[in-house]
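Here's the structure we're looking at; comments come further down.
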Amino acid sequence: MYYDDSQAGEFKGAVTAGAEQWNSTVQNVKLAKAPAGTRAEITVIADDGWPRATLGPVRPGGRATVWFGRQAVNEGYDTTRIAAHELGHSLGLPDRKPGPCSSLMSGSTAGVSCTNPVPNATERAQVEANYGGGFASLVPMDGRIVVDAP
């Protein structure tokens with residue numbers, strides 16, 4: 391699936407790194423930067439609020455948005471972890487709060503010292519199931535906006 395980072399401002403590198411975390415750990419879905427003129431399923435927008443995202447799983451041809459909020463960055467949270475976490479929402483993962491640093495979807499509850507951007511085995515398995523084909527991949531997109539404020 392494609393993501394559009396043209397509105398991601400200073401976070402484009404973090405978005406690329408976050409997408410790579412998913413691409414290197416799951417097989418059933420891949421995230422790629424949308425070529426010019428190609429409609430993206432995931433749009434990433436930098437803003438001054440708290441990070442938030444549309445809860446997926448977004449499907450090919452669908453739409454989801456990630457708002458890469460500067461508030462968390464200003465408070466010291468790691469940008470690659472933020473990107474991977476918010477993309478996780480687009481892939482259908484809810485928050486798992488409170489949680490340890492080893493859980494990507496624990497988000498802000500892992501604290502500002504946590505820089506781990508890697509989804510754990512449970513998170514990877516859920517994304518694989520969301521995009522694995524058959525009945526499991528028919529999970530409908532949730533569509534709620536998940537705000538990741540502590």
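Converting from the sequence shown to our numbering requires adding 390 to each position, the first position being numbered 1.
Backbone N, C-alpha and C fix where the C-beta goes; we use that ideal spot for every residue, glycine too.
Please read these numbers as outputs of a predicted model, since none were measured by experiment.
Taking the CA atoms as reference points, M391 sits about 21 Å from T512.
For D437, the beta-bridge partners assigned by DSSP are G459. The C-alpha of V508 is placed about 8 Å away from the C-alpha of T415. The C-beta separation of V537 from R442 comes to about 4 Å, placing the pair in contact by the 8 Å criterion. For V502, there is no enclosing alpha helix (DSSP H), as DSSP marks it with neither H nor E. Scanning its chain for C-beta atoms nearer than 6 Å, with the 5 sequence neighbours on each side dropped, one finds around R460 the residues D438, in chain order.
For K423, the three-state secondary structure derived from DSSP is strand.
DSSP places Q516 inside the alpha helix (DSSP H), whose first and last residues are 511 to 520.
If you ignore the 5 residues before and after A454, its C-beta comes within less than 6 Å of the C-beta of I432, T444, G446, V448, S480, all in its own chain and listed in chain order.
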